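First the structure, in the form of structure tokens, and then the observations on it.
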């Protein structure tokens, strides 16, 4: 995990949500209507594979990959990312000028999970559990006792095996709950970030036993006082053939890059992006255009002064966000290169995504230059701002080329 400041942005974005209604194809529950069942005092789901997220913001996707592999599905972290829309998705929130929402943050909503479930032949369920620990915990145990792993959101710095200051500040993080033991009051977790340079002294993030109270204290609670958790359930249905799944996901990814709001989660747009009637959601190419136009003298001066007074490091956050776009573009380029036999466009897109990744890295460097340029040097800041607008023009032109497709023979 990276810098403290980027965690603040993630937290602001994730916690602006309200109750998240879901479509009729997704099971939703408040935890109160569950049939009473006999739940054993302890249970461990054996043989859940472990997937490390690396130095990326892929905790959600790594957690899902662990569960899919547990069900015997032949998949990988990058495949789950690609099928979710990572590397092709982008958003812009008006209230955060100069700051874009990279794909990994905008491709992990309920609609995206349901799309994955359809591809892999699983059922997906999303629970909003009222702010009642006992209801939440009973629901979690009931699923685990049926050998159904549970994903849930926690605040990473609240987990006992992380040293203070070694992880993102108070920011949401997704883990897999893989077992529990009421006798010694512990719960087992699979944490995709545990061994990633966070000084946890752990060689693996699999089957980490922590006190149940530690989980309770770490849980993310939404703005309407709900505990949130999700499950995928094996249905014995066959997943789509790899090539068919790739083609379906790729077509959806292209629509996301174009900015088609219909292939994004509408509740995410409404509640987390301010996409109510008076605001048009800015997604894909439209988001890039709005991001470019937000680099204007007013915003540069305003946020430079704000940085100086508050010490918030706003443009440091902007730089980090650009770096994450660089990382996921590079990762999806690598994934495409591994599967050039699945699409005539794969090699073409892989080349362009790799070039685009380098441009995002350059934009990240420019944002740091903007951050470190003294506030009183307004002409220098304006010059950097103009450079960043030009860089975004290059990014936009690359994505236009991806959308247009390879030149005909």
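Residue numbers (this note's numbering): -12 to 396.
Glycine residues also receive a C-beta, built at the ideal position from the N, C-alpha and C atoms.
Since the structure is predicted, the reported quantities are computational estimates derived from the model, not experimental observations.
Q.
Please identify the residue among 109, 124, 107, 108 whose C-alpha is closest to the C-alpha of residue 115.
A. 124
Q) Just the Cα atoms here: how many angstroms apart are residue 228 and residue 329? A) 11 Å
**Q.** Check whether residue 244 and residue 86 have beta carbons under 9 Å apart
**A.** no
Q: Mind listing, in chain order, the continuous alpha helix (DSSP H) runs of no fewer than 4 residues lying wholly within the region 237 to 291?
A: 253 to 259, 271 to 281
Q) Can residue 99 and residue 72 be called in contact, C-beta distance under 9 Å? A) yes
Q: Over the uninterrupted alpha helix (DSSP H) stretch that includes residue 393, give me the two end residues.
A: Note, residue 393: premise wrong, no alpha helix (DSSP H); not H, not E.
Q. Are there three or more Cβ pairs, one per stretch, closer than 8 Å when the region 140 to 152 is compared with the region 28 to 36?
A. no
Q: Could you tell me how far apart the beta carbons of residue 110 and residue 38 are, in whole angstroms, since I believe they sit closer than 8 Å?
A: That pair is no contact at about 21 Å.
Q: Kindly confirm or deny that the region 337 to 352 and the region 376 to 387 touch, where touching means at least three C-beta pairs closer than 8 Å.
A: yes
Q: My understanding is that residue 274 touches residue 78, with C-beta atoms under 8 Å, so please give their C-beta distance in whole angstroms.
A: 5 Å
Q. By DSSP, does residue 316 sit in helix, in strand, or in coil?
A. helix
Q) Taking residue 161 as the reference, which of 214, 361, 326 has the closest Cα? A) 214
Q: Can you tell me which of the three DSSP states residue 34 falls into?
A: coil
Q: Pull up the CB-CB distance for residue 286 and residue 84, whole angstroms please, since I reckon it's below 8 Å.
A: 4 Å
Q) Given that a residue counts as buried once 16 or more other Cβ atoms are within 10 Å of its Cβ, and exposed if not, what is residue 392? A) exposed
**Q.** Sheet register partners of residue 162 (DSSP bridge)
**A.** 139
**Q.** Pairwise C-alpha distance: residue 297 and residue 144
**A.** 23 Å
Q. Does the separation of the CB atoms of residue 69 and residue 107 fall below 9 Å?
A. no
Q: State yes or no: is the C-beta of residue 200 within less than 9 Å of the C-beta of residue 177?
A: no
Q) Since residue 70 is in the alpha helix (DSSP H), which residue starts that stretch and which ends it? A) 64 to 71
Q: Take residue 163 and list the residues in its own chain whose beta-carbon comes closer than 6 Å to its own, dropping the five residues that flank it on each side.
A: 50, 53, 136, 138, 177
Q.
I'd like to confirm the pairing. Which residues does DSSP put opposite residue 175 in its beta bridges?
A. 166, 196
Q.
If I measure Cβ to Cβ from residue 204 and keep anything under 7 Å in the same chain, skipping five residues before and after, which residues do I get?
A. 145
Q: Going by CA-CA distance only, name the one from 42, 122, 207, 58 that's closest to residue 158.
A: 207
Q) Which whole runs of the alpha helix (DSSP H) in the region 299 to 346 are 4 residues long or more, in chain order? A) 301 to 324
Q: Measure the beta-carbon distance from residue 367 to residue 360 and round it to whole angstroms, keeping in mind my assumption that it falls under 8 Å.
A: 5 Å
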